[in-house]
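J.: Structure in C-alpha cells, see below.
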Amino acid sequence: MSDTVILSWVTFVYFGASMFYLIRLITGKELWGLLALWTTVGGFSAQTIALVLRWVVSYQLGIGHAPLSNFYESLIFFAWAVILLYLIIEWRTGLKSAGIFVAPLAFLLMAYASFSPNVNSRIQPLIPALQSNWLISHVVSCFLGYAAFTIAFGLSVMYLLKIVKRFSRFLPETEFMDDLIHHNVVMGFILLTLGILTGSVWAHYAWGSYWSWDPKETWSLITWLIYATMLHSRFVRGRQGKRMAILAIIGFAAVLFTYLGVNYLPGLHSYLQS
Amino acid sequence: MKRKENIPNVKKNVLWSLFSSFNLAVILLILIVLLAVAGSLIPQQDAARELARRIPPGWAAILQKMQVFDLYHSVWFFLLLGFLSLNLVSCSLSRFPVTWKSFRAKAFPDAFTSLEDMTDVMTIMTEERRDSALQRLEGLLKKKYGKVEQKETARGDFLYGEKGRLSHFGVYVIHLSILVIIGGAVAGALFGFNAHVRVSEGEATDTVQLKGDGGIKKLDFTVRCERFSVDFYENGAPREYRSDLTFLKNGRVVHQGSLLVNHPISFEGIRFYQSSYGTAPDGKISLSFRRGKGNIHRRVFPLDYVGSKYYTGLQVAHDPGLPIVASGAFLLVAGFMVVFFTSHRRIWISVEARGDRTAISIAGRTNRDSLGLQREMERMMTMIKDTGVET
Chain L
0 MSDTVILSWV TFVYFGASMF YLIRLITGKE LWGLLALWTT VGGFSAQTIA LVLRWVVSYQ
60 LGIGHAPLSN FYESLIFFAW AVILLYLIIE WRTGLKSAGI FVAPLAFLLM AYASFSPNVN
120 SRIQPLIPAL QSNWLISHVV SCFLGYAAFT IAFGLSVMYL LKIVKRFSRF LPETEFMDDL
180 IHHNVVMGFI LLTLGILTGS VWAHYAWGSY WSWDPKETWS LITWLIYATM LHSRFVRGRQ
240 GKRMAILAII GFAAVLFTYL GVNYLPGLHS YLQS
Chain V
0 MKRKENIPNV KKNVLWSLFS SFNLAVILLI LIVLLAVAGS LIPQQDAARE LARRIPPGWA
60 AILQKMQVFD LYHSVWFFLL LGFLSLNLVS CSLSRFPVTW KSFRAKAFPD AFTSLEDMTD
120 VMTIMTEERR DSALQRLEGL LKKKYGKVEQ KETARGDFLY GEKGRLSHFG VYVIHLSILV
180 IIGGAVAGAL FGFNAHVRVS EGEATDTVQL KGDGGIKKLD FTVRCERFSV DFYENGAPRE
240 YRSDLTFLKN GRVVHQGSLL VNHPISFEGI RFYQSSYGTA PDGKISLSFR RGKGNIHRRV
300 FPLDYVGSKY YTGLQVAHDP GLPIVASGAF LLVAGFMVVF FTSHRRIWIS VEARGDRTAI
360 SIAGRTNRDS LGLQREMERM MTMIKDTGVE T
C-alpha cells in the first residue's frame, strides 16, 4: 500500500478519534476516552509507518530525502507532530478532555493534505535550494514549535469555554490548563526560536543573507514577537488565565498566517511557486 | 511574583521611568509588529516600482518620501529599533538591583518559620530519632542540592539547600543577545554590501552592481566564469546549478572553485552565491570601459556570432556584522537554556522533636516554575517517608 493511501486513511482515523473524544466529553463515560486514545495511537502508528515508507520509497526512486520537503509533506508532519505532543501530554498528565480540541485540528491538516486539489502529494526531487543539511533541523524545529502552539491554542479555546459558560464539569481546573498553556507556549517559543535561527543559517548559505525580509521570515518574527510579549506579561506582570488564553489564540492566528497566509504573498518560501 | 518592591539606587525621573516601563516595551513591540505586517503586505524595494506606476504620481512621491517602499530600511524602523534597544537597556538596569538582591540572598537555614509565603509546607511525623533523621535528610538534600547548611536552634534543627542561583541572570543574557543581534544587523547594513553581477562563460569582471541604489562597486580582484552548467531531473525540475569560478589578483590565479547553491565561495571576506543564470544576451556582448578614475561607461556592441553561451548570475555579499549576529544567536540560545531550563530553588527542612516522635517539615521557594519545585518537594517527601532510603 502506498504511503499516501495509508495517510488518507489516517485522516478518517483521526476523525473517528475526534468523535470518540467528543462522546466521552458529553457522556462522561471513560470507556469512550479509552477508545479515543487507542484510536489516536493506532492512527499515529500508521502515520509514522507511512512517513518512514515515504522516506524509503524516495530512496528507491533515486531522489532520497526526508519527507519534509514540500507542502504536502509539511502538512502531514505538522499533523504528526500535533498528535505526538498531544499523546505525550495525555500520557504525562492523564488529561483526556483536551482531545476534542486537538484531534480535530490534526484531522483538518490531514484532510487538507490528502483531499485538497491544490496539494500535490507526489514525492518530488529536491531543487538545489533545498539540498541542504539544514533542511531537517529547520523544518523539524519549526513544525514541532507550530505543534506546541497548536496545542496551546486548543487548550486556550477549552479554557475560555470553561470560564465563559461553565461549559462542562468534565473540563479540568483552570489553574491546571493555564499552566499547561504556558508550558506549551514556552516549548513552542523555544522551538520557533531554534527554527528561525537554523533557518537564518540556512538562508546565509542558500540565499546570501541570514535575513532578507522574505514574507515568511517577517511573519515568523511577528509570531515570535507576539509570543515574546505574552511570556513577558506573564513573567513581568504576573498575568495569567484569560488574558494568556486570548494571546495564545492571537499567536496561533499568526502561526497560521506564517504557515499558510504567506503563500499568497510573493516570496522565497512560497509553496505555490513550485 | 511581585515586582513592585522599591527599587534602590535608581533616580526616579520622568524620562527614566518612561524608558524603563514595561508598557513602552509592549507599545514598541506592537509598533514593530505593525511595521513588519505593513512591509510584508506592501510591495518593497524593486517590487514597489510596479505599484508606484499604478498609483497617482503624487501619491507615489509621498509614499516614496515616507520610505513606505523600503520600510525595513526606513528611518521609522531604525527609530523603533533604537527605542527598543534603549527600553531593553533601561528595563534591564532598573530591574537589576532586585535580581542582584535575590542572587546575593543569604542562606537562612532557620528562615523556615518566618517565611509565611512559602509554598505549601509539608510535614510528616516519624518514629525515627532526631539524630538519624538529620543525618539521613542531610544526605538526601546533599545528593540533590550539593552543599547543605545546617543550624541548630531552640525550636529544632534546620537544613537548607539551594541550586540555580545563576538562573537570575538568564534574562539579562537574553536581553544582551537581542542587543548584540540588533547591533550586528546595523553594522552589516552600514558597512556591508549586497550586490549582483552577471558573468558570461569565459568572461571576467571586477565590478558588481549594488542592490538598492544600483551603484557600481569595484572589487580588489577579478572573478572569471570558466563554465556554467545546469542539470535537470527526469521531471524537468533543476537538480544542480554549477559555476566554475576563477579568482585572479593582478592577473594571477589565486583561487579556483565550483560554486553551487547552498555552497557559497568566500574570497577575501566577500561571499559569492549562485543566484541565477541565462543564455548570454541575444548575440550582443557588453563591454565596460574605464576612463579616468572610477567613471564607467558601458557600450553595447552587436555581435554576429550567436552561441549557446551561458551567463551566471552571482550574488556578491560582504557582511562584517555576521560574526556579531552569530555570537548574539549563541548568547540567545544560552540565555534560553538558563531561563527555561533552570530555576533558583531553595529548600528548607526542619527536624523537630515532639514528644517521643519527630516532626519533619519541608518548605521551598523558587523564582519560577513553582509547580516543578512542588513536584520535587513531593518526591523528596516520599523519599523521606521511605526510611529504607540510603543515605
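Chains as they are written, first to last, in numbering that gives the first Met the number 0: chain L, 0 to 273; chain V, 0 to 390. Positions of the beta carbon are idealized from the N, C-alpha and C atoms, including for glycine. Remember, predicted model here, so these are calculated numbers, not experimental data.
Out of curiosity, what's the CA-to-CA distance linking Phe114 (chain L) and Tyr226 (chain L)?
T.: 32 angstroms
J.: Short of 6 angstroms in beta carbon distance, which residues of its chain neighbour Arg367 (chain V), apart from the five on each side in sequence? Order them along the chain.
T.: Ser342
J.: Can you find a CB in chain L that lies within less than 8 angstroms of the CB of Asn261 (chain V)?
T.: yes
J.: Using the beta-carbon of each residue, which ones in chain L are nearer than 9 angstroms to Leu28 (chain V)?
T.: Leu224, Ile225, Ala227, Thr228, His231
J.: At which residues does the beta strand (DSSP E) containing Trp347 (chain V) begin and terminate?
T.: 344-353
J.: Listed from N- to C-terminal order along the chain, which residues in the segment 235-265 of chain L have their beta-carbon within a distance smaller than 8 angstroms of any beta-carbon of chain V?
T.: Val235, Arg236, Gly237, Val261, Leu264, Pro265
J.: In this structure, does DSSP put Asn193 (chain V) in helix, strand or coil?
T.: strand
J.: Less than 8 angstroms separating the beta-carbons of Ala102 (chain L) and Thr39 (chain L)?
T.: Yes; because the gap between Cβ atoms is below 8 angstroms, this pair is in contact.
J.: With DSSP run on the structure shown, which of helix, strand or coil describes Phe107 (chain V)?
T.: Shown here, Phe107 (chain V) sits in coil according to DSSP, grouped into three states, outside any helix or strand.
J.: Determine which residues of the segment 132-151 of chain L have a Cβ less than 8 angstroms from any Cβ of chain V, and write them out in chain order.
T.: none
J.: Going by C-alpha distance, which of V:Gly187, V:Arg238, V:Ala325 is nearest Ile269 (chain V)?
T.: Closest option to Ile269 (chain V), Cα to Cα, is V:Gly187.
J.: Would you mind stating whether Glu200 (chain V) and Tyr309 (chain V) have Cβ atoms separated by less than 8 angstroms?
T.: One thing to note: Glu200 (chain V) has its Cβ within 8 angstroms of the Cβ of Tyr309 (chain V).
J.: For the beta strand (DSSP E) that contains Ile269 (chain V), what are its first and last residues?
T.: Looking at the DSSP string, the run of the beta strand (DSSP E) that includes Ile269 (chain V) is 269-278.
J.: Can you give, in chain order, each stretch of the beta strand (DSSP E) that sits fully within the segment 116-196 of chain V and has at least 3 residues?
T.: 118-125, 147-152, 155-162
J.: Can you name the residues of chain V whose CB is closer than 7 angstroms to the CB of Tyr209 (chain L)?
T.: Val324
J.: Just curious, the alpha helix (DSSP H) that His203 (chain L) is in, first and last residue?
T.: For His203 (chain L), the uninterrupted alpha helix (DSSP H) segment begins and ends at 173-205.
J.: Under 8 angstroms by Cβ, that's how I've got Val81 (chain L) and Asp2 (chain L) pegged, so tell me the actual separation to the nearest angstrom.
T.: Actually they do not touch by this definition, with Cβ atoms about 19 angstroms apart.
J.: Considering only residues of the same chain and omitting the five flanking positions on each side of His254 (chain V), which have a CB-CB separation below 7 angstroms?
T.: Phe246, Phe266
J.: Which residues share a DSSP beta bridge with His317 (chain V)?
T.: V:Phe192
J.: Can you confirm whether Val184 (chain L), when its beta carbon is compared against all beta carbons of chain B, has any partner nearer than 8 angstroms?
T.: Looking at the structure shown, chain B is missing, and the protein chains on hand are L and V.
J.: Would you mind giving the Cβ-Cβ distance between Ala35 (chain V) and Leu220 (chain L), rounded to the nearest angstrom? I have them listed as a contact below 8 angstroms.
T.: 6 angstroms
J.: Anything in chain L within Cβ reach of Ser39 (chain V), meaning under 7 angstroms, just list it in chain order.
T.: Correct list: Pro214, Thr217, Trp218, Leu264.
J.: Spell out the partners DSSP gives Ala203 (chain V) in its beta bridges.
T.: V:Arg223
J.: Say whether the segment 313-321 of chain V touches the segment 270-280 of chain V, bearing in mind that this needs 3 or more beta-carbon pairs closer than 8 angstroms, one atom from each stretch.
T.: Segments in contact, yes.
J.: Roughly how many angstroms lie between the CA atoms of Tyr256 (chain L) and Asp243 (chain V), to the nearest whole one?
T.: Residue identity check: residue 256 (chain L) is Phe in the sequence provided, not Tyr. Taking the straight line joining both Cα atoms gives about 40 angstroms.
J.: Please report whether the beta-carbon of Pro31 (chain V) lies at a distance below 8 angstroms from any beta-carbon of chain L.
T.: The sequence given here places Ile at residue 31 (chain V); Pro does not occur at that position. Chain L, which has a Cβ nearer than 8 angstroms to the Cβ of Ile31 (chain V), makes this yes.
J.: Who are the neighbours of Leu50 (chain L) on chain V, taking C-beta pairs under 8 angstroms?
T.: Neighbours of Leu50 (chain L) on chain V: none; closest Cβ ~22 angstroms, over 8 angstroms.
J.: Drop a sphere of 10 angstroms on the beta-carbon of Arg170 (chain V), count the other beta-carbons inside from all chains shown, and report buried for 16 or more, exposed for fewer.
T.: Inspection of the sequence shows that residue 170 (chain V) is occupied by Val rather than by Arg. Val170 (chain V) is buried by the Cβ-count criterion.
J.: Report yes or no: is there a C-beta of chain V within less than 8 angstroms of the C-beta of Asp2 (chain L)?
T.: no
J.: Considering only the alpha carbon of each residue, which of V:Thr365, V:Gln66, V:Ala51 lies closest to Ala59 (chain V)?
T.: V:Ala51
J.: Please go through the same chain and pick out, in chain order, the residues whose beta-carbon is closer than 8 angstroms to the beta-carbon of Arg356 (chain V), but skip the five residues on each side of it.
T.: Met124, Thr125, Glu126
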